[in-house]
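Student: For the sequence shown, full-length UniProt numbering begins at 1 and goes up steadily by one.
Can you keep this structure in mind? I'll have questions shortly.
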Amino acid sequence: MTTLNSQVQVQAPYSGSIPGNDNPQGTITLTIQEAVRRGLGTNLGKIGADTASQQSYAQRLSARSSFLPTISASISENAEKVNLAAEGFSASAFGVSGFNFPTVVGPFHFYDARGTLQQDLLDFTAIHNLRSARQSENAAKFNTTQAREEVVLAVTGTYLQLMATIAEVEAQRAEVQYAETSYKQARAQADAGDKAPIDANRSLVELQTEQQRLRSQLGDLRKQKNTLVRLIGLPLSVDLQITEKLQAQPSDTTSVEAAVRRSWEQRQDLKSAAAQLHAAEEARKAAGAEYLPSATVNGYFGIEGINPNQGNGVFQGSATLNIPLFNGGRIHADTIQAEAVITQRRAELSSERGDVELDVRNAYIDLSVANDQIITAESNRKLALATLQQSQDRFAVGVADSVEVVNSQQALAAADHDYISSLLAQNLAKVTLAHAMGEAEKDILELFKGSN
Numbered sequence: 001m002t003t004l005n006s007q008v009q010v011q012a013p014y015s016g017s018i019p020g021n022d023n024p025q026g027t028i029t030l031t032i033q034e035a036v037r038r039g040l041g042t043n044l045g046k047i048g049a050d051t052a053s054q055q056s057y058a059q060r061l062s063a064r065s066s067f068l069p070t071i072s073a074s075i076s077e078n079a080e081k082v083n084l085a086a087e088g089f090s091a092s093a094f095g096v097s098g099f100n101f102p103t104v105v106g107p108f109h110f111y112d113a114r115g116t117l118q119q120d121l122l123d124f125t126a127i128h129n130l131r132s133a134r135q136s137e138n139a140a141k142f143n144t145t146q147a148r149e150e151v152v153l154a155v156t157g158t159y160l161q162l163m164a165t166i167a168e169v170e171a172q173r174a175e176v177q178y179a180e181t182s183y184k185q186a187r188a189q190a191d192a193g194d195k196a197p198i199d200a201n202r203s204l205v206e207l208q209t210e211q212q213r214l215r216s217q218l219g220d221l222r223k224q225k226n227t228l229v230r231l232i233g234l235p236l237s238v239d240l241q242i243t244e245k246l247q248a249q250p251s252d253t254t255s256v257e258a259a260v261r262r263s264w265e266q267r268q269d270l271k272s273a274a275a276q277l278h279a280a281e282e283a284r285k286a287a288g289a290e291y292l293p294s295a296t297v298n299g300y301f302g303i304e305g306i307n308p309n310q311g312n313g314v315f316q317g318s319a320t321l322n323i324p325l326f327n328g329g330r331i332h333a334d335t336i337q338a339e340a341v342i343t344q345r346r347a348e349l350s351s352e353r354g355d356v357e358l359d360v361r362n363a364y365i366d367l368s369v370a371n372d373q374i375i376t377a378e379s380n381r382k383l384a385l386a387t388l389q390q391s392q393d394r395f396a397v398g399v400a401d402s403v404e405v406v407n408s409q410q411a412l413a414a415a416d417h418d419y420i421s422s423l424l425a426q427n428l429a430k431v432t433l434a435h436a437m438g439e440a441e442k443d444i445l446e447l448f449k450g451s452n
């Protein structure tokens, strides 16, 4: 998710969800903490990370299977007829003359019941492949935790946008009331002959303009609710209500440098990149280990006979030491490929480290700017409201026309919008900073515990 000019943009797959276990209908009241909880359970991005982690777990189990014996059992019933002459058996072949050596033996029947075992005793390639699989599994687990952070950022940012839209609607309703009061005043004075009809018409245009803006914002509010509902697995048919209010947050006292150092320690995507580098290094060792000898043992034990009551034990066991001598350059090619992956993973880790620092520093810049904007916007809002009240009083006593009143109304509307935008920008900057430091899920409850 990214924020640009206080606008929330949630990218796929975090923009979708699956239905939750419950299926609420009608009107529901949703807190920001409840929204995050639902998002963590139903958001598609989190589900995708979970399934990727399961796949990595399965790959590690597959790599571990190389160290475990392969044991199987079989039983068979056989019918056979053998052409001894075709196999090279004859009286002359054994230097015996005058002996009637059979050409064909059989048909005869026998059964075979046996258990077989195969075990790798020494395989350095398998050892390093298992270590690589473990690191890949760790990387997937870190990605799963990071996905939770992304869901928290997406849901919280969208919830804050909804809070800002509600505040805009409330402010616009007040603007409509101001415009309606001014129009009624101008209409009454025009009907009494104290003001020109143009003043009443100008006030009516302003009233209708404010009413149009209110309708547009109400439509935006419904769409914002639908967006949040899709993020957290609720039915689109629910009537979503929130009671929390957008408000200013306290300033952060942590220094930028301390925040950067902490983010390097806590960001899960950075840990994932490091684990992927370790996995690539183990894969390189596995490729090099293909030059080394390997040892295996295998064998079987069973019973053979013409029937189950007339059988004898049979067995076979062997140990094999395999020493690679020449493979046409395949191992060298595997090594070069593994080294290329290491180079790529090392570059990605270095770049990710820089990206994490950039996220933190940019979040601090956004937070600093938003803090200053709130102070200025709040002052402008108070001044604009006082100016409108003075303009209405001046219009009532006949020393000002409706132009001054309309201009004051528009100035107040702009001041309200700027104030709400600055509140949204500050709250988003706080959430973005927590996300940049890898602490969004942990800090979300503390950040907004006083928003009611």
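Just so you know, even glycine gets a beta-carbon here, dropped at the ideal spot from N, CA and C.
Just so it is clear, the structure is predicted and the values come from calculations on it, not from any experiment.
Identify the continuous beta strand (DSSP E) that holds Y300 and give its terminal residues.
Tutor: Y300 -> beta strand (DSSP E) spans S294 to N307.
Student: In whole angstroms, what is the alpha-carbon distance linking A384 and E404?
Tutor: Taking the straight line joining both Cα atoms gives about 12 Å.
Student: Between S66 and D22, which are expected to be in contact by the criterion C-beta below 8 Å, what is the C-beta distance as a whole number of angstroms?
Tutor: Incorrect: roughly 45 Å between the Cβ atoms, too far for contact.
Student: Buried or exposed: which applies to F448, given that a residue is buried once 16 or more other Cβ atoms fall within 10 Å of its Cβ?
Tutor: Buried.
Student: Which runs of the beta strand (DSSP E) spanning at least 3 residues fall entirely within the segment 90-172, listed in chain order?
Tutor: Counting whole runs of 3 or more residues, the segment 90-172 contains the beta strand (DSSP E) stretches 104-122.
Student: Establish whether the CB of L122 and some CB of chain D are separated by less than 9 Å.
Tutor: Note that chain D does not occur in the displayed structure, where there is just one protein chain.
Student: Apart from the five residues on each side of it in sequence, which residues of its chain come closer than 7 Å, Cβ to Cβ, to L121?
Tutor: Only A295, T296 and V297 meet the Cβ criterion.
Student: Measure the C-alpha to C-alpha separation of D418 and A377 and round it to an integer number of angstroms.
Tutor: Computed Cα separation, rounded: 6 Å.
Student: In angstroms with no decimal places, state the Cα-to-Cα distance between E281 and A338.
Tutor: Each residue's Cα considered, the two are about 8 Å apart.
Student: Measure the CB-CB distance between V106 and V82 and report whether it falls below 9 Å.
Tutor: The residue you asked about is not Val; residue 106 is Gly in the sequence shown. Against a cut-off of 9 Å, the Cβ pair of V82 and G106 comes out as a contact.
Student: Exposed or buried, what is F108 when buried is set at 16 or more other beta-carbons lying within 10 Å of its beta-carbon?
Tutor: By the neighbour-count rule (16 or more Cβ atoms within 10 Å), F108 is not buried but exposed.
Student: Quick one: residues in its chain with C-beta nearer than 7 Å to the C-beta of E137, no 5 flanking neighbours on either side, listed in chain order?
Tutor: S56, Y57 and R60.
Student: If I follow the unbroken alpha helix (DSSP H) through V397, where does it start and stop?
Tutor: Segment: none, V397 is in no alpha helix (DSSP H) and carries neither H nor E.
Student: As a quick exercise: from E175, E150, Q426 and V10, pick the residue whose alpha carbon is nearest that of R267.
Tutor: Closest option to R267, Cα to Cα, is E150.
Student: Taking its Cβ as the centre, do 16 or more other Cβ atoms sit within 10 Å of R148, making it buried, or is it exposed?
Tutor: Buried: at least 16 other Cβ atoms inside 10 Å.
Student: Can you check which of these residues, K430, R64, R346 and V238, is closest to R131 by C-alpha distance?
Tutor: Among K430, R64, R346 and V238, the Cα nearest to that of R131 is on R64.
Student: Is the separation between the beta-carbon of T253 and that of T158 shorter than 9 Å?
Tutor: Going by C-beta atoms, T253 is not nearer than 9 Å to T158.
Student: Can you check the segment 186-274 for any beta strand (DSSP E) of at least 3 residues that lies completely inside it and give the ranges in chain order?
Tutor: Correct list: 239-241.
Student: Excluding the 5 residues preceding and the 5 following A79 in the sequence, name in chain order all residues of the same chain whose CB lies nearer than 8 Å to its CB.
Tutor: Cβ neighbours of A79 beyond the five flanking positions: P107, F108 and H109.
Student: Any idea which residues DSSP pairs V314 with across the strands?
Tutor: DSSP lists G302 as partners of V314.
Student: Given that a residue counts as buried once 16 or more other Cβ atoms are within 10 Å of its Cβ, and exposed if not, what is N5?
Tutor: At N5 the pLDDT is 49, less than 50, meaning the model places this residue with poor confidence; the figure from the coordinates comes in the next sentence. When all chains shown are included, N5 counts as exposed.
Student: Out of curiosity, what's the CA-to-CA distance linking L218 and L153?
Tutor: Distance between the alpha carbons of L218 and L153 is about 25 Å.
Student: In this structure, does DSSP put T15 in helix, strand or coil?
Tutor: In the sequence as presented, Thr is not what sits at residue 15; that position holds Ser. Note: S15 maps to coil in three-state DSSP.
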